[in-house]
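Shown next, in structure tokens, is the structure this report addresses.
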Amino acid sequence: MEAGISRSEPQVWAVGGGKGGVGKSVFTVNLGAVLVRRNLRVAIVDADLGGANLHTLIGLDSPRPTLADFLERRITNLEDVLLPTGIRGLSLLSGARAMVQAANPKYAQKEKILRHLCNLPVDVVLLDLGGGSAFNVLDFFIAAHLSILVVVPEHTSVENAYQFLKAAFYRKLQRVQPRAEVSRILKDLMRRKTELGISTPGDLISAVGNFAPEMAVKMATALKGFKPTIVVNRVQLPRERDLADEIARASTTYFGTPVSAAGWIDADPLLVRSVQERKPAVERYPGGSFSKAMMRIANTLVLTTGL
Amino acid sequence: MMTGSPDPGDWALLGIEPGASADEIHCAFRKNIETWKPGALATYNLMEPEERQERLAAIETAYEHILASSQSTEATVPANLPTPVMHGAGPTAAAPDRESAPGDYLRYLRQRQGMNLKDVERRIKINHVQLEAIEEGRPDLLPAPVFVRGFLIAYAQLLNIEDPSGFAKAYLKDWPQPG
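Line order of the protein sequences matches chains A and B.
Numbering follows the working numbering, with no gaps: position 198 of the first sequence is 291.
Numbering follows the working numbering, with no gaps: position 89 of the second sequence is 187.
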């Protein structure tokens with residue numbers, strides 16, 4: 094999954110949230126529609142296999158072909174699955190009709206998908222991940238160049254976001270050396286983590302350092318390459334605007350590795366209307382608060398990634 | 099009792115660079131308390147309650163260390179700052195008791211050092227209205243105790259009170275806890 098990235102390859106940005114219904118798909122579609130205005134070619138990918146609906150948000154009813162055709166080997170080249178969206182520069186890789194077994198691909202399959210994603214003739218690949226913290230979601234999240242976590246100002250969403258982040262950190266560390274004996278050590282440490290006082294990825298790395306110093310170094314390096322960023326969606330109260338910063342600050346000190354804030358998005362009735370109209374809000378209502386927030390966030394993300 | 103000097107970890111804990119301005123230090127402290135206080139949405143269920151208390155205590159200690167060091171190096175501190183040893187007090191000003199009347203004690207020390215509330219506000223960036231509420235012991239006019247503790251530490255440190263965090267703890271001993 095640690096794809097070697099050359100200049101010509103696209104950047105992969107994953108959008109996760111650990112919870113359904115926080116606005117990941119709407120965020121992804123609109124981020125794509127904003128990025129293309131910078132003369133970037135963008136592919137939005139519906140990686141929410143089993144619950145795909147990016148096509149619906151973009152106004153396509155039953156898109157063909159889809160990722161299912163690639164996973165079931167009817168189409169060998171992922172590039173051939175790209176669909177135009179009607180927005181210049183923006184294409185869609187639909188996850189519609191992907192079967193439930195495809196929703197849980199094997200690790201090798203995920204690597205294959207990622208390899209193909211990195212060969213798409215675009216500048217940015219936006220991966221819309223499903224909810225939850227299953228490995229199929231986590232593995233894409235941690236392999237991306239930029240991992241965006243969408244949260245809403247609700248306790249359940251914040252709670253899920255932390256569960257998701259924790260799981261992502263540990264998965265990232267586990268994948269450093271997926272050899273059997275190493276993963277046994279890790280599993281053992283994780284099982285005894287309360288007793289050993291391991292509550293953060295940093296603690297785990299220290300614990301590993303006690304009997305496998307080289308591996309601990311590798312883990313620390315891997316962790317440095319994983320930089321999640323927080324977006325708070327559907328903000329209603331002024332003080333909720335600080336939430337992204339607060340979560341980023343808390344995560345950075347608690348997990349001992351940098352987590353940034355990409356900004357907040359005010360709840361906007363125009364966004365609801367744009368979803369009903371099945372057009373990206375940034376196209377339909379560019380002056381609305383949602384659209385303005387998306388432009389601000391896109392700016393931040395472009396600066397963060399040096400795109 | 100020495101409060102200790104800040105190490106790099108103290109600055110990191112508050113998320114600021116060593117040598118940050120007084121303003122940045124207070125602001126960082128308040129933001130951290132806002133983020134980690136019990137019931138904060140931003141850290142909902144991130145950790146066990148005991149771990150949270152430990153973290154809040156660590157933030158406070160770091161804040162205290164940093165304040166102590168920044169004050170000893172601050173150029174605006176008058177060289178002849180009187181010590182808070184009370185037996186030297188003039189005949190008209192009997193020192194209020196540190197334990198039983200901590201608010202009066204703060205006011206007494208402040209006046210002895212020739213500062214008004216606005217002077218203190220300028221120095222430690224805490225609003226004079228809140229400072230007055232602290233001196234008068236008015237929980238109803240002040241934010242939650244976790245914040246007031248920070249104010250008290252900063253204020254006690256400015257006035258050269260021994261063991262600022264112990265003083266803050268004693269001050270807040272009988273305060274109503276937020277529901």
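Note that CB positions come from ideal geometry on N, CA and C, so glycine has one too.
Check	Outcome
Please say whether glycine 188 of chain A and aspartate 141 of chain A have beta carbons closer to each other than 8 Å?	yes
By alpha-carbon positions, which one of B:Arg150, B:Ser263, B:Pro136 and B:Leu139 ends up nearest to threonine 346 of chain A?	B:Arg150
Going straight from the alpha carbon of arginine 166 of chain A to that of valine 174 of chain A, what length do you get?	12 Å
If you measure from the beta carbon of leucine 239 of chain B to each beta carbon in chain A, is any gap under 8 Å?	no
DSSP three-state call for arginine 196 of chain B: helix, strand or coil?	coil
What whole-angstrom Cβ distance do alanine 227 of chain A and leucine 242 of chain A have, given they're in contact under 8 Å?	No, alanine 227 of chain A and leucine 242 of chain A are not in contact; Cβ-Cβ is about 16 Å, not under 8 Å.
Once the 5 residues before and after arginine 327 of chain A are set aside, which same chain residues still bring their CB inside 6 Å of it?	Val245 and Ala360
Quick one: which chain B residues come within Cβ less than 8 Å of leucine 394 of chain A?	Near leucine 394 of chain A there are no residues of chain B at all, since even the closest Cβ is about 21 Å away, more than 8 Å.
If you compare alpha carbons, which of B:Ser168, B:Phe245, B:Ala242 and B:Asp272 is closest to asparagine 258 of chain B?	B:Ser168
To the nearest angstrom, report how far apart aspartate 105 of chain B and alanine 166 of chain B are at their CA atoms.	12 Å
Please confirm whether leucine 111 of chain B has its beta-carbon closer than 8 Å to some beta-carbon of chain A.	yes
In chain B, which residues lie less than 8 Å from glutamate 252 of chain A when you measure between Cβ atoms?	Tyr142 and Asn143
Would you call the CB atoms of leucine 270 of chain B and proline 243 of chain B closer than 8 Å?	yes
Between the stretch 262–269 of chain A and the stretch 305–320 of chain A, do three or more beta carbon pairs fall short of 8 Å?	yes
Where are the alpha helix (DSSP H) runs, 4 residues long or more, that stay fully inside the stretch 331–391 of chain A, in chain order?	336–348, 362–370 and 374–377
Would you say asparagine 392 of chain A touches the ligand HEM, meaning its beta carbon is less than 7 Å from a heavy atom?	The model on display carries no ligand, and the ligand HEM is accordingly not part of it.
Just reading off the beta strand (DSSP E) that asparagine 326 of chain A is part of, what are its end residues?	321–328
My guess is that arginine 366 of chain A and glycine 152 of chain A are in contact by the Cβ rule of under 8 Å, so how many angstroms apart are they, rounded?	Not really, about 14 Å apart at Cβ, beyond 8 Å.
Would you kindly report the start and end of the unbroken alpha helix (DSSP H) that includes aspartate 296 of chain A?	294–302
Which bits of chain B does threonine 350 of chain A rub up against, with CB to CB less than 8 Å?	Those do not exist, as threonine 350 of chain A stays about 13 Å from chain B at its closest Cβ, beyond 8 Å.
Give the interface partners of alanine 159 of chain B over in chain A, defined as CB-CB distance under 7 Å, in chain order.	It should be pointed out that residue 159 of chain B corresponds to threonine in this sequence rather than to alanine. None at all; the shortest Cβ gap to chain A is about 14 Å.
Counting pairs of beta carbons, one from the stretch 132–148 of chain B and one from the stretch 224–240 of chain B, are three or more of them closer than 8 Å?	no
Would tryptophan 134 of chain B and isoleucine 114 of chain B qualify as a contact pair, given that the criterion is a beta-carbon distance under 8 Å?	no
Check whether the stretch 111–124 of chain A touches the stretch 207–225 of chain A, taking contact to mean three or more Cβ pairs, one atom from each stretch, closer than 8 Å.	yes
Which value, in whole angstroms, describes the spacing of the CA atoms of arginine 46 of chain A and arginine 210 of chain B?	Beyond the ends of chain A as shown, which are 94 and 400, falls residue 46 of chain A; an answer cannot be given.
Between which two residues does the beta strand (DSSP E) carrying isoleucine 241 of chain A extend?	239–244
For the alpha helix (DSSP H) containing isoleucine 222 of chain B, list its first residue and its last residue.	215–222
Counting only runs of 3+ residues fully inside the stretch 177–236 of chain A, write out the beta strand (DSSP E) ranges in chain order.	183–186 and 217–221
For the beta strand (DSSP E) that glycine 109 of chain A lies in, which residues bound it at each end?	104–109
By how many angstroms is the C-alpha of arginine 208 of chain B removed from the C-alpha of isoleucine 358 of chain A?	46 Å
Aspartate 216 of chain A and arginine 130 of chain A - do their beta-carbons sit closer together than 8 Å?	no
Does DSSP classify aspartate 139 of chain A as helix, strand or coil?	strand
My output table needs one value for asparagine 225 of chain B: the three-state DSSP class, helix, strand or coil.	coil
Is there a Cβ from chain B that is less than 8 Å from the Cβ of threonine 398 of chain A?	no
Helix, strand or coil for alanine 273 of chain A, going by three-state DSSP, please let me know.	helix
Contact criterion: CB-CB distance below 8 Å. Does leucine 154 of chain B meet it with respect to chain A?	no
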